[in-house]
Amino acid sequence: MKKRVVLLSLFLVLSLLVVGCGKGNNGNNGNNEGANDNAQVEGVAPEATADGSGESLEEDNKIVLGVSPVPHEEIVEALKDKFTEAGLEVEVVAFDDYVQPNVALDEGDLDANYFQHKPYLDSFSAERNLKLTSIGPVHIEPMGFYSDKIKSIDELQEGDEILIPNDPSNGARALLLLEKNGLITLKDSEDQNVTEADIETNEKNLKFTPLEAATIPNAYKDVAGAVINSNFALGAGLTPGKDSLIIEDKESPYANIVAVRTGEETKEKFKVLMDILQSEDCKNFIEEKYEGSIHPTF
153 MKKRVVLLSL FLVLSLLVVG CGKGNNGNNG NNEGANDNAQ VEGVAPEATA DGSGESLEED
213 NKIVLGVSPV PHEEIVEALK DKFTEAGLEV EVVAFDDYVQ PNVALDEGDL DANYFQHKPY
273 LDSFSAERNL KLTSIGPVHI EPMGFYSDKI KSIDELQEGD EILIPNDPSN GARALLLLEK
333 NGLITLKDSE DQNVTEADIE TNEKNLKFTP LEAATIPNAY KDVAGAVINS NFALGAGLTP
393 GKDSLIIEDK ESPYANIVAV RTGEETKEKF KVLMDILQSE DCKNFIEEKY EGSIHPTF
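Under the working numbering, the first residue of the sequence shown is numbered 153, with each subsequent residue one higher.
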């Protein structure tokens, strides 16, 4: 009888010890879910952040990059071996317009884009309430005035029609170029947001027709002339440095930049990307390929 009591007591003590150990290991009254949660928290590196800026290149090396076909895609493709050597995997997606690359970046379909200048990025982001940030400039594409009907802007006639880009930043840029070359005067020559309403004098009563920038190279021959972005001019077979009647100089503030989602600009892969896009290899390619039609910013 005493043996039975002793054995029963030992069994109860051992049972309590097993249950107690189980609670301590699981950390949440024996709930395995709680144990996993704790493990995840302990596994986060101290330097990691919510936006992934603490990730090394080995952990996150792929960039889906939205570009315009000319010259941006050509520049990126020329540097693909440099990206590979640096441990980057760069996937290029080409766009023929100025709207979708920012929309796709904001929606997460792209990691970065390279096609626009900062005034356009700022204007577009404000208009659509997007959180996008420039991580640096690469080159300047001087905007020029082209015509299939005249050889000099002095030949423009009363009431002639001129095409200009219809987006606010490039439309303003076109008007500033025309003012600098004496075709119009503006109320404020320093304002990068001027519109046709800001034209103070227009002695030849020139008619300005805004069109989507990408369509202007296909339409400019139907009118007296047009102000065309250099990437679209190059894509249409024009050479900005030779074919334009007037063109921006190297001091243009409209440098083309690389943009990413705000908060992700410190990621290691973007630092590596910019190191290569602002390298001597990139500079040499731009200067040799475009022969002065576009200019490196570094």
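In this text, a Cβ means the ideal position worked out from N, Cα and C, and glycines have one as well.
| query | result |
| --- | --- |
| For H291, which residues of its own chain have a beta-carbon under 8 Å away from its beta-carbon, when the five flanking residues on both sides are left out? | P223, I227, A407, N408, I438, I446, H447, P448, T449 |
| Over what stretch of residues does the alpha helix (DSSP H) that includes V228 continue unbroken? | 226–230 |
| May I ask you to report which of helix, strand or coil DSSP gives L425? | helix |
| Note down the Cα distance separating E310 from K356, rounded to an integer number of angstroms. | 5 Å |
| Applying the criterion that 16 or more other CB atoms from any shown protein chain within 10 Å of the CB defines a buried residue, is S382 buried or exposed? | buried |
| Would DSSP call L328 helix, strand or coil? | helix |
| Could you check which residue in G377, N370, E259, P405 has the C-alpha nearest to that of A388? | N370 |
| Cutting at 7 Å between CB atoms, please list the residues of its own chain near E225, excluding the five before and the five after it. | V219, V244, A246 |
| Check Y272 in the structure and name its three-state DSSP category. | helix |
| Are there 16 or more other CB atoms within 10 angstroms of the CB of D343, so buried, or fewer, so exposed? | exposed |
| For G267, I'd like the list of residues in its chain whose CB is within less than 6 Å of its CB, leaving aside the five on either flank, ordered along the chain. | Before going on, a small fix: residue 267 reads as Phe here, not Gly. Cβ within range, chain order: V219, S220, H224, P253. |
| Here's the rule I'm using: 16 or more other beta-carbon atoms within 10 Å means buried, otherwise exposed. How should K419 be labelled? | buried |
| Rounding to the nearest angstrom, what Cα-Cα distance links E293 and S208 in this structure? | 34 Å |
| R325: buried (16+ other C-beta within 10 angstroms of its C-beta) or exposed? | buried |
| For N354, which residues in the same chain have their Cβ closer than 7 Å to its Cβ, ignoring the five residues on either side in sequence? | I336 |
| Suppose you measure from the CA of L315 to the CA of P362; what does that come to, to the nearest Å? | 6 Å |
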